[in-house]
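First the structure, in the form of structure tokens, and then the observations on it.
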Amino acid sequence: MTLIKSALAIVEKDLKAEFHSKEMLSVMLVFALIVLVIFNFAFDVKKQIVQDIFPGMIWITFYFSGLLGLNRSFFIEKNQDCLLGLMLAPVDRSVIFVGKMLSNFIFLLIIEILTLPLFFIFLNIALPQNLALFFLVLFLGSLGFVAIGTFLAALSVNTRASDILLPVLLFPVLIPVVLGSVAATKGIFLNMPITDWSIWLKILGVYDLLFIVVPFMLFEILLEV
Amino acid sequence: MIELIDITKKIGDKVILKNISFKVSSGEFITVLGPNGAGKSTLFKILALLMKPTSGTLKIGGVQVKDGGINLRAKLGVISHNSFLYDSLSARDNLMFYAKMYGLDLAEKAVKEVIRQVGLELSYYQAVKTFSRGMLQRLAIARCLLTNPEIVLLDEPYTGLDQQAIGILNKVLLSLKEEKRTVLMITHNFEEGVEFSDRIFIINRGQLIFSEPNNFEIKTLKDIYLQKVGITA
Amino acid sequence: MEKNNLWELILGGIAYLSIVVALYLIFLVAPEERVMGIVQKIFYFHVPSAWVAFLAFFVVFIGSIMFLFKRDYYWDAVSLASAEIGVVFTTIVITTGPIWAKTVWNAWWTWDPKLTTAIIMWFIYLAYVVLRLAAGEEEKTARFAAIFGIIGFLDVPLVFAAGRWWQKTFHPIIFNNSNGGLDPAMKPAFFVSLFAFTILYFYFLVKSTKINLAQREINRLKDAVNEKIYG
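As they're listed, the protein sequences go chains X, F and D.
For the first sequence, this note's numbering assigns the number 472 to the initial residue and increments by one for each residue that follows.
For the second sequence, this note's numbering assigns the number 449 to the initial residue and increments by one for each residue that follows.
For the third sequence, this note's numbering assigns the number 6 to the initial residue and increments by one for each residue that follows.
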């Protein structure tokens, strides 16, 4: 029980801090918008092409924007050695992982909710028939990203190379999530029958489970002083 | 209150701490001196239950530390040269967060009280990033005392402090003594704070080479220290 | 010490011999494939390399787990050695693959799930090596590398699964699976090649681990000397 309570305390702390400073969300949001605009110019916005690449576009935007957030989330813990302050508390260190993962998840969702409508508007994309399924894919894709991302962010921030190491470590490992979320999104927006692409939901599900559980177990070792 | 029996710590091939044994009684104030690389910060990490020793026994409050002693961390308070405080949060939110992490009941009340104790009531809702260095130091102390720790560990607390801040810290040390908390201060600076100690320990090259009641003048202590540590003038 | 050297010599000898035999079988015994011609012989190097790359990664995985359990740097040396060898063999896979694909199907990349997995593995290996360079002090390097070694390996089956479904969904199979129908006359060459590559891998692993351990010892001695001089 204390695990959940403590993790939620961390989430609350991160949300409050972000609410005051707005540093992370503003950067993520602006970045996402810039990427959207660049895509607009880089790809000739003829209707058919856009339909095809739309799923890829939104996920690339979210992942790169999310990357900024991941780095940030551990930078604030490095400041004044707050991470040590957390480790001194009478809680399992894995709690820190869960708390951080959840706050990163919330931040990413916020960015997605804010930028998706703009994507739809600028690129003239019709809303998918099954909105609920789309939200499910957003959920699973974002969760996978945030789970392994938070873990590897904690790792990279503790190295000499610090945050620049994170994309090198994260993106190869993230491939199943990238493929899964893009393929499933494609399936939804092309209104394909769910049986055609439901396998991707399973892949995302397995990935999310695996890369929440394993990092959870390894986090204690990662944070050894 | 604190008991170390034959504590050894190896990292990789290096032996950082070797057969360290000592006892600290409840309410005692110990200063641990030693040059850089002596193993002080490793000792601190083991005492703070951040790190497991390679071998040996550690007892906190008579209870042997097993499996990292997560629950025993609740008895400890730490004051370090870092404040462990979040810039973007207010004084109140910072302490409320730690109150939750330590599972304190009646958190708001405890937070208000300890902030009052360090004289920061007027900045209760102020964001920490607007604090002066002195205010930051005081809030860090408040953070430590919030959980009413039986044992207070200080890790190089005088680093980077100006005269005024040193004065504040010394007052705090005095009050810790008066409140009969067990205090262990690890430092390489023996000009400050030593006067509060009941005993002096000296660590060098991972071993406890000196452990005596504090009946020294600072000058004599300095000489003994330099001699023990083997620094030629 | 002497006994170890003897085993090493034997291993090296077997590796050398089996490579020679394999080359003989590949170029002088195995028939040339009708359609693809001599380029098909890349197959005898491509597939065993892929097998070795995966084996190497598995050893990194085991080595990483063993290190985290035992904290014995021997396992760290093994993991690093295996990773380095793995990079080399994975590079062979992702270069021979496209060469073959271009010659046979006139396309550099085929979205074959095995090739996709290979190139992702290549990136993960690379990340492993970069991490080791960037981590900092020795204990942290070994620990972080071990953690990443575990994470990376667990990812590979998922990458393969994703790659397979990606191919099925978006690039329906026009290309025939390369392993289908191995002519019996080619089998000796193939299996000897497989054997040779595997023995070669182990030989490299043994040697490379020794080098890594020696490197550690050198560093340890350097530190000890510094301690003695400067105290």
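Cβ coordinates follow ideal geometry from the N, Cα and C atoms, glycine included.
- Following the DSSP letters along the chain, one finds residue 495 of chain X inside the alpha helix (DSSP H) bounded by residues 494-513.
- Taking C-beta atoms as the reference points, residue 160 of chain D and residue 204 of chain D fail to come closer than 8 Å.
- Within 7 Å of the CB of residue 547 of chain X, the CB atoms of chain F belong to 534, in sequence order along the chain.
- The beta carbons of residue 689 of chain X and residue 132 of chain D sit no closer together than 8 Å.
- Residue 659 of chain F sits close to residue 470 of chain F, with the two beta carbons spaced by under 8 Å.
- The DSSP-derived three-state label of residue 71 of chain D is helix.
- Look at the segment 656-696 of chain X and you find these whole runs of alpha helix (DSSP H), each 4 residues long or longer: 665-693.
- By the Cβ criterion, the segment 562-580 of chain F is not in contact with the segment 505-524 of chain F, since fewer than three pairs of Cβ atoms, one from each stretch, lie closer than 8 Å.
- In the DSSP assignment, residue 451 of chain F falls within the unbroken beta strand (DSSP E) covering 450-459.
- Nearest to residue 163 of chain D by alpha-carbon distance, out of X:635, X:496, X:681 and X:616, is X:681.
- Between residue 111 of chain D and residue 123 of chain D, the alpha-carbon positions lie close to 20 Å from each other.
- Looking at the DSSP output, residue 527 of chain F bridges to F:602.
- Distance from the Cα of residue 478 of chain F is smallest, within the candidate group F:644, F:673 and F:573, for F:644.
- CA-CA distance, residue 550 of chain X to residue 573 of chain F, rounds to 21 Å.
- Rounded to the nearest angstrom, the gap between the Cα atoms of residue 494 of chain X and residue 544 of chain X is 11 Å.
- If you check each beta-carbon in the segment 548-578 of chain X against every beta-carbon of chain F, the ones closer than 8 Å belong to 550, 551, 552, 553, 555, 556, 557, 558, 559, 560, 561, 562 and 563.
- Look at residue 160 of chain D: its C-beta is under 8 Å from a C-beta on chain X.
- The beta carbons of residue 568 of chain X and residue 686 of chain X sit closer together than 8 Å.
- Near chain F, meaning a CB-to-CB distance below 7 Å, the residues of the segment 218-236 of chain D are 225.
- In this structure, DSSP gives residue 631 of chain X a state outside helix and strand, which the three-state scheme calls coil.
- Identification of chain X residues near residue 537 of chain F by a Cβ-Cβ cut-off of 8 Å yields 484, 487, 488 and 491, ordered along the chain.
- When D:45, D:232 and D:22 are compared, the shortest CA-CA separation from residue 102 of chain D is found for D:45.
- Per DSSP, reduced to three states, the secondary structure at residue 609 of chain F is coil, with no helix or strand assignment.
- Counting C-beta pairs closer than 8 Å gives three or more between the segment 628-644 of chain F and the segment 595-603 of chain F, which meets the contact rule.
- The beta carbon of residue 87 of chain D sits closer than 7 Å to the beta carbons of 61, 64, 65, 68 and 210 from its chain, once the five residues preceding and following it are set aside; these are given in chain order.
- Closest in C-alpha terms to residue 678 of chain X, from the list X:659, X:658 and X:652, comes X:652.
- Taking all protein chains in view, the Cβ of residue 547 of chain X is crowded by 16 or more other Cβ atoms within 10 Å, so the residue is classified as buried.
- In this structure residue 536 of chain X does not touch residue 490 of chain X by the C-beta definition: roughly 19 Å separates them, more than the 8 Å allowed.
- Taking a Cβ-Cβ cut-off of 8 Å, the neighbours of residue 171 of chain D in chain X comprise 650 and 654, given in sequence order.
- Residues of the segment 665-679 of chain X with a Cβ closer than 8 Å to any Cβ of chain D, in chain order: 667, 668, 670, 671, 674, 677 and 678.
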